[in-house]
Amino acid sequence: MRKIFMILAALCCFTLAQAVPARPGLIRHTQPDGSVIMIRMNGDEYCHWVTDASGNVLEMDSDGYYRPATQAQIDARRAAGRIRRAAADKVRRLSPAKAGIASGKDKHFLVILLSFDGTDFSVSDPQTAFTNLMNETGYSANGGTGSVRDYYSDNSHENFVPTFDVAGPYQVPGTASYYAGSSGTENAEIAFYEACQQANSDVDFSDYDLDGDEVVDMVFFYYAGYNQAEGAANTIWPHQYSFQWTSYKDNTFDGKKLGSYACSSELTGTSGTTMCGIGTACHEFGHAMGLPDFYDTDYEKQNGLSAGMFSFSTMDSGSYNNDGRTPPYFTIEERIMLGWIDASDAFMEFSTSGSYTIGTVDGNIAYKTPTDQDGEYFVYECRGSNGWDAGLPSHGLIVTHVDKSSRIVTIYSGSTEITNQTAAQLWSNWSRYNAINENGSHPCCYVVPAADQSNLMFGYKYYSQYQRYLFRNSYNVLIPFPTTCENVTYNSFTAVSWNGVSSDVRISNISYSNNQVTLYATVPSSTLHYNAIANPGNGVYTAGSIFALELEEGDAQPVASVAWYFDDEPVSGSSVILTAGTHVVEAHLTLQSGETKILELSLVAQ
């Protein structure tokens with residue numbers, strides 16, 4: 147058991163293509179002597195490790211106890227992860243993602259149930275239970291808020307309504323520990339291949355070649371017991387892969403080759419008999435439909451830990467929202483990738499200065515502001531408390547910084563530096579490296595935190611031992627606008643590109659209520675001829691909020707420089723925090739003509 151996080155995987159038999167991240171948060175773990183410790187799972191099936199509540203890295207010894215890890219053990223795990231990652235990149239290059247599968251109302255996908263020697267299903271009627279989990283309209287067992295079919299039907303506006311045919315369960319001869327192996331996935335494909343052999347007498351595999359390419363497009367496996375991503379040692383880590391690149395070359399069933407597969411466990415957590423939610427299935431099925439991961443898929447920190455989409459995307463840690471029962475709505479970007487929205491008309495724009503009301507993302511509503519770099523932009527979505535977003539940690543305006551430009555973004559394949567990929571290529575050919583958010587200094591699709599808008603390490607806590615970082619899941623609540631942190635309200639935003647250029651569009655007075663975001667957008671106007679202090683609240687503001695010191699510049703009097711004063715005191719920054727009462731803002735302008743001019747604005751904070 148001590149080897150579980152150390153030994154290199156048997157890569158000639160099994161490497162991984164797409165991943166599911168570890169379950170966020172602390173997990174109760176009982177040691178062999180009955181003592182209880184709190185542990186945290188980190189990483190994904192490429193490279194994963196266990197820490198205690200203080201962030202110290204742990205290793206399981208031969209007696210089954212978690213104990214502090216040595217630096218040598220950590221280095222060995224990192225090296226193994228790099229090798230698995232490089233091999234997985236090779237698999238992805240040979241297995242391009244399929245397009246056009248995520249549409250239609252008559253597509254059937256195969257689900258196979260399997261148990262292990264010594265590990266049977268806990269539910270009394272597994273086939274009925276999983277048929278309901280995957281297909282039942284309004285599925286509510288075990289606190290569920292819908293089935294996998296519901297999730298994809300709702301997100302696609304019924305353009306894609308899959309049906310999942312459940313077969314089994316079948317018992318494979320080995321133990322769960324054997325199939326998990328040293329990496330959590332080492333011999334997993336053996337179990338799934340054996341399950342397919344047993345299912346062959348009950349299933350016509352040719353029914354599941356959806357695009358006529360002689361390959362079964364997707365098989366989903368649910369295995370009995372728990373999974374390693376949620377802290378259960380000696381179990382399989384949920385993942386997605388392809389049978390086409392395993393050691394089983396004779397994988398033809400009913401005249402069709404087995405293609406991609408994904409898997410997850412029957413139960414959630416590490417103890418008890420609570421059946422799983424749908425989150426992991428929705429995440430892994432998303433890969434099969436053509437979606438990448440939006441978390442940092444590189445855990446060696448060769449280019450820094452990266453910001454991502456966190457709880458706000460099913461393709462990040464959102465698959466665990468509400469214990470996996472309520473994964474969030476797909477973002478507009480994800481809907482574009484799935485072919486449910488045309489990219490050319492997916493976004494609205496802030497065309498004129500004024501107030502805007504934004505409905506929730508499930509209505510395919512989003513705004514976009516461009517930057518000075520072609521292909522780089524910011525997306526504005528309302529993430530409410532309705533439907534699939536009910537499980538989010540907080541609600542309001544989510545701002546996502548997206549880069550699909552021609553600039554080079556350095557990534558790694560294992561330990562090999564890749565310097566010839568543009569941001570646009572990381573998107574268009576994502577299945578090659580699955581690295582959209584791998585570069586810590588340049589993620590290509592991440593949420594901008596309202597409480598710390600320029601901090602790419604927002605939410606990551608630094609632990610001194612072995613230089614480990616950990617994203618604090620509780621910090622998700624400070625991401626949507628507006629938010630309040632340390633008695634300061636953050637309700638304004640001006641986008642800044644990777645080139646350091648601020649957007650001409652300024653967003654302020656952001657509020658959220660009843661599943662709607664209201665904001666004021668200040669947009670350059672061709673009819674504005676004279677300079678003025680930006681006043682989006684029309685002189686009335688909330689005490690504790692941030693007032694941005696911004697100038698609406700007119701073309702009649704070009705400005706060379708500006709100095710700001712607040713209540714007769716000079717201000718060195720670009721904003722002030724408003725206290726209750728009446729205030730005066732002054733802008734001391736030096737015009738390009740050499741003339742000086744003072745603009746004044748009176749306002750009230752309540």
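Residues 147 to 752, numbered by our numbering, are exactly what the sequence shown covers, in order.
Note that beta-carbon positions come from the ideal geometry of N, C-alpha and C, so glycine has one too.
Query raised in the report: By DSSP, does residue 727 sit in helix, in strand, or in coil?
Result: strand
**Report entry** Inter-residue CB distance, residue 554 and residue 584 (contact presumed, cutoff 8 Å)
**Finding:** Between residue 584 and residue 554 the Cβ distance is about 13 Å, and since that is not below 8 Å, they are no contact.
Requested in this report: Thinking residue 665 and residue 653 are a contact (beta carbons under 8 Å), I'd like their distance in whole angstroms, please.
Outcome: Residue 665 to residue 653, Cβ: 5 Å. Contact.
Query raised in the report: Do the region 344–353 and the region 281–297 touch if we need at least three Cβ pairs shorter than 8 Å?
Result: The way I'd put it, the region 344–353 doesn't touch the region 281–297; fewer than three beta-carbon pairs between them come closer than 8 Å.
Query - Nearest candidate by alpha-carbon position, reference residue 355, set 210, 401 and 747 - result: 401
Report task. Pull up the DSSP beta-bridge partners for residue 715, would you. Result -> 712
Report task. Helix, strand or coil for residue 740, going by three-state DSSP, please let me know. Result -> If DSSP states are grouped into helix, strand and coil, residue 740 belongs with coil.
Query raised in the report: Contact check, residue 334 vs residue 325 under 8 Å by CB: the rounded distance?
Result: Rounded, the Cβ-Cβ distance is 5 Å, consistent with contact.
Requested in this report: May I have a chain-ordered list of the beta strand (DSSP E) segments no shorter than 3 residues that lie completely inside the region 349–409?
Outcome: 361–369 and 385–388
Query raised in the report: So, using beta-carbon positions, are residue 534 and residue 475 closer together than 7 Å?
Result: yes
Query raised in the report: Under the three-state reduction of DSSP, which class applies to residue 482: helix, strand or coil?
Result: helix
Report task. For residue 737, I'd like the list of residues in its chain whose CB is within less than 7 Å of its CB, leaving aside the five on either flank, ordered along the chain. Result -> Cβ within range, chain order: 703, 704, 705, 706 and 743.
Report task. Could you give the DSSP three-state label for residue 627: helix, strand or coil? Result -> strand
Requested in this report: State the beta-bridge partners of residue 564 as determined by DSSP.
Outcome: Beta-bridge pairing by DSSP links residue 564 to 557.
**Report entry** Inter-stretch contact (C-beta, 8 Å, three-pair minimum) for the region 587–604 and the region 455–463
**Finding:** With the cut-off at 8 Å, the region 587–604 and the region 455–463 touch.
Report task. Check the DSSP bridge columns for residue 214 and list the partner residues they point to. Result -> 204
Query raised in the report: In the structure shown, what three-state DSSP assignment does residue 655 receive?
Result: Residue 655 falls in the strand class under three-state DSSP.
Query raised in the report: When DSSP labels each residue in this structure, what does residue 239 get in the three-state scheme?
Result: Here residue 239 scores only 46 on pLDDT, less than 50, and its place in the model is too uncertain to base an answer on.
Query raised in the report: Alpha carbon to alpha carbon, how far is residue 440 from residue 288?
Result: 28 Å
**Report entry** Buried or exposed by the 16-neighbour rule on C-beta atoms within 10 Å, applied to residue 569
**Finding:** buried
Query raised in the report: Does the region 689–697 come close enough to the region 528–543 that 3 or more CB-CB pairs lie under 8 Å?
Result: no
Query - Expected contact under 8 Å - CB spacing of residue 662 and residue 500 to nearest Å - result: 16 Å between Cβ atoms; not a contact.
Requested in this report: Can you tell me the Cβ-Cβ gap for residue 536 and residue 197, rounded? I've got them flagged as a contact below 8 Å.
Outcome: That belief does not hold up - the Cβ atoms of residue 536 and residue 197 are roughly 30 Å apart, past 8 Å.
Report task. Please report how far the alpha carbon of residue 821 lies from the alpha carbon of residue 321, in whole angstroms. Result -> Here the chain has residues from 147 to 752 only, and residue 821 is not among them.
Query raised in the report: How would you call residue 549, buried or exposed, if buried means at least 16 neighbouring beta carbons within 10 angstroms?
Result: Burial call: buried.
**Report entry** Whole-angstrom distance between residue 629 and residue 681, CA atom to CA atom
**Finding:** 21 Å
Query raised in the report: Given that a residue counts as buried once 16 or more other Cβ atoms are within 10 Å of its Cβ, and exposed if not, what is residue 270?
Result: exposed
Query raised in the report: Which class does residue 668 belong to by DSSP, given the choice of helix, strand or coil?
Result: strand
Requested in this report: Put residue 295 into one of helix, strand or coil per three-state DSSP.
Outcome: In this structure, residue 295 counts as helix in the three-state DSSP scheme.
Report task. Write down the C-beta distance between residue 263 and residue 319 rounded to the nearest angstrom, noting that I regard them as a contact closer than 8 Å. Result -> In this structure residue 263 touches residue 319 by the C-beta definition: roughly 6 Å separates them, less than 8 Å.
Requested in this report: Please state if the CB of residue 687 and the CB of residue 747 are separated by a distance shorter than 7 Å.
Outcome: no
Query - Endpoints, alpha helix (DSSP H) assigned at residue 335 - result: 334–345
Query raised in the report: Could one say the Cβ of residue 651 lies closer than 7 Å to chain D's Cβ atoms, at least one of them?
Result: Absent here is chain D; the protein component of the structure consists of one chain.
Query raised in the report: To the nearest angstrom, how far is it from the Cα of residue 754 to the Cα of residue 425?
Result: What is shown of the chain runs 147 to 752, which leaves residue 754 out entirely.
Requested in this report: For the beta strand (DSSP E) containing residue 423, list its first residue and its last residue.
Outcome: It is not in any beta strand (DSSP E) - residue 423 carries neither H nor E in the DSSP assignment.
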